[in-house]
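Chemist: Take this structure, written in structure tokens, and hold onto it; I'll ask about it next.
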Amino acid sequence: MFDFAFSEMLLAALVALVVLGPERLPQAARAAGRMVGKLQRLAGSLKVELAQHADMADLRRMQETLADTASELRQEMQHLRSAAAPDVPAWERLPPQRTPADFGLDEDGLPTLRDTPHAPGFHTPSLGQRSRARRRKLQSRVRVRPRLRVRKQAGRGR
């Protein structure tokens, strides 16, 4: 923006020295430095604020786009709902009611044994019993028992 050459800055410093004098020149330079710093901070904060406003504008645009898309989806869902389900009350749209017999239970809530004979003493093994039986089947049937050798002692006479 401002383009100063070194010679122009030197000429300005010489004029300031003549006008202000050697006593007031350091104070004036400090004040000028403070003002330049304030201007730089002001320009920096202005840039940040403008960037935030630009980001906010982008976010608002995105929010409007999302709101439009959401409203279109809602309308499409309402259209699909109205096309799929005619005006039938909710209780008529329920699935048919099932009874415990559908799940293989009798009226007491116990499992019914349809395919098995109802003979006295009939027993259905539990899962734990089944797993133990399977483990027993997997175990080797021949068990080798170690034989212990006993050393004869020399002083006993046997």
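Our numbering applies: residue 22 is where the sequence shown begins, and numbers increase by one.
For every residue, glycine included, the Cβ atom is placed at its ideal position computed from N, Cα and C.
Values in this document were obtained by computation on a predicted structure and should not be read as measured data.
1. By DSSP, does LEU63 sit in helix, in strand, or in coil?
2. The alpha helix (DSSP H) spanning SER152 covers which residue range?
3. Taking C-beta to C-beta, are LEU41 and ALA33 nearer than 7 Å?
4. So, using beta-carbon positions, are LEU35 and LEU46 closer together than 7 Å?
5. Per DSSP, what kind of secondary structure is LEU131 in: helix, strand or coil?
6. From PRO116 to GLN96, what does the alpha carbon distance come to, in whole angstroms?
7. Suppose you measure from the CA of ARG151 to the CA of SER161; what does that come to, to the nearest Å?
8. State the Cα-Cα distance for the pair ASP108 and LEU80, rounded to the nearest angstrom.
9. Alpha carbon to alpha carbon, what distance is there between LEU131 and ASP89?
Modeler: Straight from the coordinates:
1. Looking up residue 63 in the sequence shown gives position 42. Residue state, collapsed to three classes: helix.
2. Position 131 of the sequence shown, counted from the first residue, corresponds to residue 152. 148-159 is the extent of the alpha helix (DSSP H) around SER152.
3. For the purposes of this step, residue 41 is taken as the residue at position 20 of the sequence shown. For the purposes of this step, residue 33 is taken as the residue at position 12 of the sequence shown. Against a cut-off of 7 Å, the Cβ pair of ALA33 and LEU41 comes out as no contact.
4. Locating residue 35 in the sequence shown gives position 14, counting from the first residue. Locating residue 46 in the sequence shown gives position 25, counting from the first residue. No, the Cβ-Cβ distance between LEU35 and LEU46 is not below 7 Å.
5. Indexing the sequence shown from 1 puts residue 131 at position 110. Coil at LEU131, not helix or strand.
6. Your numbering for residue 116 matches position 95 in the sequence shown. Your numbering for residue 96 matches position 75 in the sequence shown. Their Cα atoms are separated by approximately 28 Å.
7. The residue you call residue 151 lines up with position 130 of the sequence shown. The residue you call residue 161 lines up with position 140 of the sequence shown. Going by the C-alpha atoms only, they are around 18 Å apart.
8. Residue numbering aside, residue 108 sits at position 87 when the sequence shown is read from its first letter. Residue numbering aside, residue 80 sits at position 59 when the sequence shown is read from its first letter. Distance between the alpha carbons of ASP108 and LEU80: 41 Å.
9. Locating residue 89 in the sequence shown gives position 68, counting from the first residue. Locating residue 131 in the sequence shown gives position 110, counting from the first residue. If I take the Cα positions, the gap works out to 56 Å.
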